[in-house]
Each structure stands twice: as C-alpha cells, then as structure tokens.
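Below is one structure, written out as structure tokens; comments come after it.
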Amino acid sequence: MKTLSLYRPRDTFIHNGLDPFTKLIYLICSMISAFFIPTFSGALGLLVINLVLLAWAKEMKRALKTLTGSLLLLVTIFVIQGLFHPGNHTLLFALGPVHVYREGVVFALTISFRVVNIIAASSVLILTTSPAAIMEACVRRGLSPKIGYVITAILQMIPVMMDSASTIREAQQSRGMSLEGGLWHRMRAFLPLLGPIVLSSFLSIQDRAMALEVRGFSVPGKRSFLHDETVLRGSLGLRIVFIATTLCILVWGILA
Numbered sequence: 082m083k084t085l086s087l088y089r090p091r092d093t094f095i096h097n098g099l100d101p102f103t104k105l106i107y108l109i110c111s112m113i114s115a116f117f118i119p120t121f122s123g124a125l126g127l128l129v130i131n132l133v134l135l136a137w138a139k140e141m142k143r144a145l146k147t148l149t150g151s152l153l154l155l156v157t158i159f160v161i162q163g164l165f166h167p168g169n170h171t172l173l174f175a176l177g178p179v180h181v182y183r184e185g186v187v188f189a190l191t192i193s194f195r196v197v198n199i200i201a202a203s204s205v206l207i208l209t210t211s212p213a214a215i216m217e218a219c220v221r222r223g224l225s226p227k228i229g230y231v232i233t234a235i236l237q238m239i240p241v242m243m244d245s246a247s248t249i250r251e252a253q254q255s256r257g258m259s260l261e262g263g264l265w266h267r268m269r270a271f272l273p274l275l276g277p278i279v280l281s282s283f284l285s286i287q288d289r290a291m292a293l294e295v296r297g298f299s300v301p302g303k304r305s306f307l308h309d310e311t312v313l314r315g316s317l318g319l320r321i322v323f324i325a326t327t328l329c330i331l332v333w334g335i336l337a
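Under this note's numbering, residues 82 to 337 are what the sequence shown spells out, in order.
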C-alpha cells in the first residue's frame, strides 16, 4: 500500500520510544543550534549526533539519499562563495583565470554544515514519525487543528509529488516517450512533467481538505483523539536538556 509520507514503521527506540513532540523540540533546537554554533568542531559534533540518531533508527540509508540530493546545492554554494564572496582577499589557489579564496571557502563550509545539519535533523523527525502523529501531538498542546493540517499537508507534499511523478513517467513511457539517456536528455524530458506533478499534488491535498470539511473538521468544540498519548518517562527532562543546550549555544554564538 502506498503511503503519503516518508515515514516507515520500524521497531526502534527512535520510532516508538520517543514521542513526536520531543522529536519536534529536538528538530527546532537543532535548527537553531546549526545557525549559532560558531566553530566547525561544534557543527561537526552536531552532525555526528544527528547521524548517530539516524543510525540508531536504522534510517541512515534513506537519510543519505536525501543528503546526496543536496550535493548540487552544496557545490553551487562552494563555487559562488569561493569565487565571489565579498570578503575574499586571501588567495587559496588559482586555475588559470579562476581564483578561489580562503574566506569564501570558509564561509561556504559554514553554510554547508548548516544545510546538512538541518537536513539530517529533519530526517530524524520525518523518517521516524508519521505526519498524523506530529499533528496530533501539537494539537494536544494547543495548536489549532487547521494549522496542524497545514503542517501535515506540507510533510505529505513531497511523497505525493514523487508518487505523481512516477505515475506520469510510466504513462509517458507507455506512449513511447523516451525518458532515458544522458543527463541533459533526462532534464529536458523532466521539465514537461513539472506542471502536471505540482497541479496533481495540490488537487490531491485539496480533495483531502474537502473530505475533512465534510466530516466536520471546522466545527468548534473540544477535540477528542482516537488513541491515548504514550510519553516515555523522562521525555520532559529530555526537552529541558534540548532547550537548555540550545540556549547555551545561543549565548556562545553571540559572545564568540
């Protein structure tokens, strides 16, 4: 059965032991920390923590695919910053007319660590927690159900688009359209798919929103939940540790 999220159930502590709200707090704290850690060693330490959590959850392989997909962005950052960063003045090396500067490379490394850490921390939440569980945890703590649905729809957008792309590709191939070959040929074949993919994804989300309205989603009143929330003992302590550590990193980053 096709799923509308990147979540896959597994029997691990990260999947079943940590509650969704604790993992959401971890993601927010990791994203903030990624921007304020002032040293490469600190950023590398955060990355190691994220990778350890992904390995513990047995999701390293899928997370690496996501990180691999960001390689083009990282290479672009290095090229642009290495060549055109406004603070460039220390020449690192030159290849003919191309001059790469130390300041640009250092700045590119800083941005790259931030991007990779955010992707890895997001994977810890998204790959181990269903969107419905994330929304339910937030709604239990006072979040508007409408905002919760928007968050769920965003988390489901990528899987819906991937499913639509696969369906459209198969339909085009059955009509004799070639989607194989070199990179340039595949890019040209992919561009006409963008419109139908985006449109079908939005229509799918709109259909689900209409189905919710028919079932009284916007009716005011106290919300009830199908399942009782299971929270690990010590989850509150973990959240306090995450927030306190993030505050320390904020102070460290501001004073550094």
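Just so you know, even glycine gets a beta-carbon here, dropped at the ideal spot from N, CA and C.
Check: Straight-line gap, I235 to V220 (C-alpha atoms, nearest Å); Outcome: 16 Å
Check: Rounded C-alpha distance that separates R304 from F298; Outcome: 10 Å
Check: H308 classed as buried or exposed, judged by whether at least 16 other C-beta atoms fall within 10 angstroms; Outcome: exposed
Check: Coil, strand or helix - L208 by DSSP; Outcome: coil
Check: Inter-stretch contact at 8 Å, needing at least 3 Cβ pairs: the stretch 104-111 / the stretch 149-167; Outcome: no
Check: Among L99, P90, L280 and W137, the one whose alpha carbon lies nearest that of R314; Outcome: L99
Check: Unbroken beta strand (DSSP E) run spanning F174, endpoints; Outcome: L172 to L176
Check: Secondary structure of Y88, DSSP reduced to three states; Outcome: coil
Check: Boundaries of the alpha helix (DSSP H) in which V332 is found, first to last residue; Outcome: S316 to L336
Check: Reference S316; option with closest CA among M242, P101, V133 and S245; Outcome: P101
Check: DSSP state of H180 mapped onto helix, strand, coil; Outcome: strand
Check: Candidates G163, T147, A252 and A337: closest to N198 by CA position; Outcome: T147
Check: Identity of the residue in F188, Y88 and E140 nearest P119 by Cα; Outcome: F188
Check: Span of the alpha helix (DSSP H), counted from its first residue to its last, around T311; Outcome: Note, T311: premise wrong, no alpha helix (DSSP H); not H, not E.
Check: As assigned by DSSP and simplified to three states, the class of L99; Outcome: coil
Check: Beta-carbon contacts of K195 that lie in its chain and below 8 Å, excluding the five residues immediately before and after; Outcome: For clarity, residue 195 is Arg in the given sequence; the question names Lys instead. Closer than 8 Å at the Cβ level, and outside the excluded window around R195, lie A115, F116 and A124.
Check: Residues near R345 by beta carbon distance below 6 Å, same chain, minus five either side; Outcome: In the structure as shown, the chain begins at 82 and stops at 337. Residue 345 is therefore absent and cannot be evaluated.
Check: Where E217 falls, given that 16 or more other Cβ within 10 Å makes a residue buried; Outcome: buried
Check: First and last residue of the uninterrupted alpha helix (DSSP H) at F159; Outcome: L152 to F165
Check: Cβ pair count under 8 Å reaching 3, the stretch 224-231 against the stretch 164-176; Outcome: no
Check: Beta carbon of S122 nearer than 7 Å to that of A202; Outcome: no
Check: Best match in V186, T248 and G334 for proximity to V279 [C-alpha to C-alpha]; Outcome: T248
Check: Spatial distance of I228 from G302 (CA atoms); Outcome: 16 Å
Check: Cβ pair K205, L145 closer than 7 Å; Outcome: Lys is not the amino acid found at residue 205; the sequence shown has Val there. Going by C-beta atoms, V205 is not nearer than 7 Å to L145.
Check: Between the CA atoms of P277 and R289 - distance to the nearest angstrom; Outcome: 18 Å
Check: Delimiting residues of the alpha helix (DSSP H) encompassing A138; Outcome: Element bounds for A138: n/a, residue is neither H nor E.
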